[in-house]
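Enquirer: The structure under discussion is supplied below as structure tokens; questions concerning it will follow.
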Amino acid sequence: MNIFVCIKEIQNPELVSDLFRVDEQRKEVIPVRDMPLVTSPFDEQAIEAALRIRDRGIAATITAVTLGPKKSLAGLKRALSMGADRGILISDPDLEAQDAFGVATTLCRAIEKSGPFDLILTGRQAADWDAGIVGCGMGELLRVPVVTLAKDVRVESGKVVVERVLDDGFETVETTLPCVVTVANELGEPRKASLRETMRAAKKPIVTHDAASLGLTADVLGDSTQRQTRDRLFIPAKDGQCEMFSGGSPVDIAQRIAARLREAKHLR
Amino acid sequence: MSASCNNVLVVAETVDGRASDLSFELLAIARQLVQASDGIVSAAVLEKLDAACIRDLGARGADQVFSISDDRSSAYGAERWLATLPSLLAEHGPSHLLLGHTALGAELGPRLAFRLGTTVATGCERLELKQGKLSVLRPCFGNKARETLTLQKCPAVATVRARMSDPLPPASRDTKVIAVAPPTDSAIATTVIRRELEAEMAGARLETAKIVIAGGRGLGSAEGFQVLEKLAAAVGGAVGASRVACDLGWVPHSRQIGLSGKTVSPDLYVAVGISGASQHMAGCGKARAILAINSDPEAAIFRASTFGVVGDYKEIVPALIEAIGALQ
């Protein structure tokens, strides 16, 4: 079967808040200099989900797909050294500043162009804009089933069985191939690159696309700003000062905290 | 801009045959959105609810309720809604759509938007309706930043985080109930084989508790949560956790608070051994007060807290239980 995993290279989401800056005029994040991009963590878990399907004995060709600046190539190489078989890099400044509709359209076009697909995996959301729209939208554009928030994805007798995370538990659902599944952090840690796969990765093919090679004209993509516009991007002000309790034994401190909480009516 | 761009439809999820708390919160937001323009607020429910529950939706803000009697309960939630909503909107006129940012809504919202050829914003915290267009404020970059978006299409779709508004106090309203027949021809591709709810932990319900005691990696082990449960019991609160504590298997994931977990807005949030990553604060930033207990004086949590103490929770928390007991 053909599994496609859509990944996004982003600024490290674990970056400490002090280094995180935005340009309010341009409504963009200011990249931290000399800081390499990382694969959005949920997308890395989507790669892991694909590899686990193959580990369980399903013959699968796993293709990692990314849309982003040229340096996103590093993310594809990491995916290949984890065990993916081939990569697709879509890089074109005209395609990067799009809304979710444009991105989903672009990714679908690249996947359709590289042959039939059975399963498309991606993270529950990219850890930059935290929107979680693209995966769902791809399923709609391709008119195939979508299942979100997977913690386990299995392929069994030509069907996909997904255990997914609910607000208060889990459910197991079964759907037909082809389909789109988005992966949640509950799937667990992705594997590290293996030495064997890293050695092989250099020989694995990576195809590069731009808008022209995918036939993505303004007609197809439409104008993002006719759909939604970003009016502001800002870092919220941290308000207030923390009232610290120190000095004395833990018992003294606890008594003062309890009294203060009662006084401020936080305790009944 | 047609008048319908001032109407709002709330996709009301149900729990045990009742509309969820979040549905009532969405109705309150919807009422506020239509206030200036006299638009109509509708609610849609997928289950056949009894009359009292339908009246509840009216009392909390719905001018009309679409009661869709779809009994295919083994069909996948998003597909059940997708089978009905587009035709319902086509028949009764378009309307902006509000959904809760839940496991269902976070998927259904984007899918509906694509299917209807419109646009969507997810995980919104504040919404406005300006000249028929939805404008939203939402956290992004792991809650380090906020963006405001204007959805240029009508109707548009927004998913809204829990606890962004209080439900309206019940009021008598002349609510129209419109029965909607479920589609007979829609093929359901995805079926639910099994559903398992996580065992409730002792104490108050997390979503509505006045006091939440939450633990993180700093607790060091699952056993650390036992002392938090004791504190929760002493104050009538509920126990929550950071994503790390859930991922480590110390607590069920349904206790997770944060961007990819639950949102709470208690009077008091006690954060024990939680570093205070922005992603976590997305789930508790609305608390009236935060008390941070952490052994690391540099922990970011202190910058976001009202009260703080640097120390070993194994000493502080039991002492706090004693001290609170002595006050009562």
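Residue numbers (my numbering), protein chains in the order written: chain A, 1 to 268; chain B, 269 to 596. In this text, a Cβ means the ideal position worked out from N, Cα and C, and glycines have one as well. It should be emphasised that the depicted structure is a prediction, and the values quoted were computed from it without experimental measurement.
1) What are the boundary residues of the alpha helix (DSSP H) that residue 106 of chain A is part of?
2) Per DSSP, residue 7 of chain A forms a beta bridge with which residues?
3) Could you work out which residues of chain B lie near residue 234 of chain A, taking near to mean beta carbons separated by less than 7 angstroms?
4) Output yes if chain B places a C-beta closer than 8 angstroms to the C-beta of residue 254 of chain A; else output no.
5) Residue 411 of chain B by DSSP, collapsed to three states: which one?
6) List, from N- to C-terminal side, the alpha helix (DSSP H) runs of 4 residues or more that fit wholly inside the segment 340–407 of chain B.
7) Would you identify the three-state DSSP class for residue 2 of chain A, choosing helix, strand or coil?
8) Are the segment 572–581 of chain B and the segment 533–548 of chain B touching by the rule of at least three beta carbon pairs closer than 8 angstroms?
9) Could you tell me if residue 409 of chain B is buried or exposed, where buried requires 16 or more neighbouring beta carbons within 10 angstroms of its beta carbon?
10) Going straight from the alpha carbon of residue 163 of chain A to that of residue 377 of chain B, what length do you get?
11) Using C-beta distances below 6 angstroms, list every residue in its chain close to residue 514 of chain B, excluding the 5 sequence neighbours before and after it, in chain order.
12) Is the segment 43–51 of chain A in contact with the segment 2–20 of chain A, if contact means three or more CB pairs nearer than 8 angstroms?
13) Using CA atoms only, rank isn't needed, just tell me which of B:476, B:529, B:277 and B:584 is closest to residue 380 of chain B.
14) Under 7 angstroms Cβ-Cβ, which residues of chain A neighbour residue 375 of chain B?
15) Skipping 5 residues on each side, what residues in its chain have a beta carbon closer than 6 angstroms to that of residue 70 of chain A?
16) Compare the beta carbon distance of residue 74 of chain A and residue 62 of chain A with 8 angstroms and say whether it is the shorter of the two.
17) For the segment 284–299 of chain B, which residues have a CB atom closer than 9 angstroms to at least one CB atom of chain A, in sequence order?
18) Quick one, are the C-beta atoms of residue 427 of chain B and residue 368 of chain B less than 8 angstroms apart?
19) What are the uninterrupted segments assigned as alpha helix (DSSP H) that are 4 or more residues long and contained completely in the segment 196–250 of chain A, given in chain order?
20) Measure the CB-CB distance between residue 165 of chain A and residue 151 of chain A and report whether it falls below 8 angstroms.
21) Taking just the CA atoms, how far does residue 134 of chain A sit from residue 93 of chain A?
22) Which word fits residue 269 of chain B, buried or exposed, when buried means at least 16 other C-beta atoms lie within 10 angstroms of its C-beta?
23) Considering only DSSP beta bridges, list what residue 170 of chain A is partnered with.
24) Please state the DSSP three-state secondary structure of residue 495 of chain B.
25) What in chain A is Cβ-close to residue 460 of chain B, meaning under 9 angstroms?
26) Per DSSP, what kind of secondary structure is residue 274 of chain B in: helix, strand or coil?
27) Short check: CB of residue 463 of chain B to CB of residue 186 of chain A, under 8 angstroms?
28) State the beta-bridge partners of residue 130 of chain A as determined by DSSP.
Expert: In this structure, then:
1) The residue you call residue 106 of chain A lines up with position 106 of the first sequence. That run of the alpha helix (DSSP H) goes 100–113.
2) The count along the first sequence starts at 1 and reaches residue 7 of chain A at position 7. In the DSSP output, where bridge partners are listed per residue, residue 7 of chain A has A:66.
3) Taking the first residue of the first sequence as position 1, residue 234 of chain A is located at position 234. Here the neighbours are 413 and 414.
4) As a first step, residue 254 of chain A must be located in the first sequence, where it is residue number 254. Nearest CB-CB separation between residue 254 of chain A and chain B: below the 8 angstroms threshold.
5) Residue mapping note: residue 411 of chain B aligns to position 143 of the second sequence, counting from 1. Reduced to three states, the DSSP call for residue 411 of chain B is coil.
6) Runs of the alpha helix (DSSP H) lying entirely within the segment 340–407 of chain B, each at least 4 residues long, are 345–360 and 373–384 in chain order.
7) In the first sequence, the residue the question calls residue 2 of chain A occupies position 2. Looking at residue 2 of chain A - three-state DSSP - the assignment turns out to be strand.
8) Yes, they touch.
9) Residue 409 of chain B sits at position 141 when you count from the first residue of the second sequence. By the 10 Å Cβ count, residue 409 of chain B comes out buried.
10) If you number the first sequence from 1, residue 163 of chain A lands on position 163. If you number the second sequence from 1, residue 377 of chain B lands on position 109. Rounded to whole angstroms, residue 163 of chain A to residue 377 of chain B spans 21 angstroms at the Cα level.
11) Your numbering for residue 514 of chain B matches position 246 in the second sequence. Sequence-distant partners of residue 514 of chain B (beyond 5 residues in either direction) whose C-beta falls short of 6 angstroms from its own C-beta, in its chain, are 521 and 524.
12) Yes: the two stretches touch, three or more of their Cβ pairs being nearer than 8 angstroms.
13) Here residue 380 of chain B refers to the residue found at position 112 of the second sequence. Out of B:476, B:529, B:277 and B:584, B:277 has the C-alpha closest to the C-alpha of residue 380 of chain B.
14) In the second sequence, the residue the question calls residue 375 of chain B occupies position 107. Per Cβ cutoff of 7 angstroms: 136, 146 and 148.
15) If you number the first sequence from 1, residue 70 of chain A lands on position 70. 91, listed in sequence order.
16) Here residue 74 of chain A refers to the residue found at position 74 when the first sequence is read from its first residue. Here residue 62 of chain A refers to the residue found at position 62 when the first sequence is read from its first residue. Contact annotation: residue 74 of chain A and residue 62 of chain A have beta-carbon atoms that are not nearer than 8 angstroms.
17) For the segment 284–299 of chain B, which is checked against every Cβ of chain A, not one residue is closer than 9 angstroms.
18) Here residue 427 of chain B is taken as the residue at index 159 of the second sequence, counted from 1. Here residue 368 of chain B is taken as the residue at index 100 of the second sequence, counted from 1. A contact, by the Cβ cut-off of 8 angstroms.
19) Fully enclosed alpha helix (DSSP H) runs of 4 or longer: 218–221.
20) Position 165 of the first sequence, counted from the first residue, corresponds to residue 165 of chain A. Position 151 of the first sequence, counted from the first residue, corresponds to residue 151 of chain A. Yes, these two residues count as a Cβ contact at 8 angstroms.
21) Along the first sequence, read from residue 1 onward, the residue named residue 93 of chain A stands at position 93. Along the first sequence, read from residue 1 onward, the residue named residue 134 of chain A stands at position 134. Spanning the two alpha carbons is a distance of roughly 18 angstroms.
22) Taking the first residue of the second sequence as 1, we reach residue 269 of chain B at position 1. In this prediction, residue 269 of chain B scores a pLDDT of 43, lower than 50, which makes its location untrustworthy; the coordinate-derived value is nonetheless stated afterwards. Under this definition residue 269 of chain B is an exposed residue.
23) Taking the first sequence and counting its residues from 1, the one referred to as residue 170 of chain A is at position 170. Residue 170 of chain A is bridged to A:165 and B:464.
24) Numbered from its first residue, the second sequence carries residue 495 of chain B at position 227. Three-state DSSP puts residue 495 of chain B in a helix.
25) Against the second sequence, residue 460 of chain B aligns to sequence position 192. Those within 9 angstroms of residue 460 of chain B in chain A are 171, 172, 173 and 174.
26) Your numbering for residue 274 of chain B matches position 6 in the second sequence. DSSP places residue 274 of chain B in helix when its eight states are reduced to three.
27) Numbered from its first residue, the second sequence carries residue 463 of chain B at position 195. Numbered from its first residue, the first sequence carries residue 186 of chain A at position 186. No.
28) Along the first sequence, read from residue 1 onward, the residue named residue 130 of chain A stands at position 130. Paired residue(s): none; residue 130 of chain A is not in a bridge.
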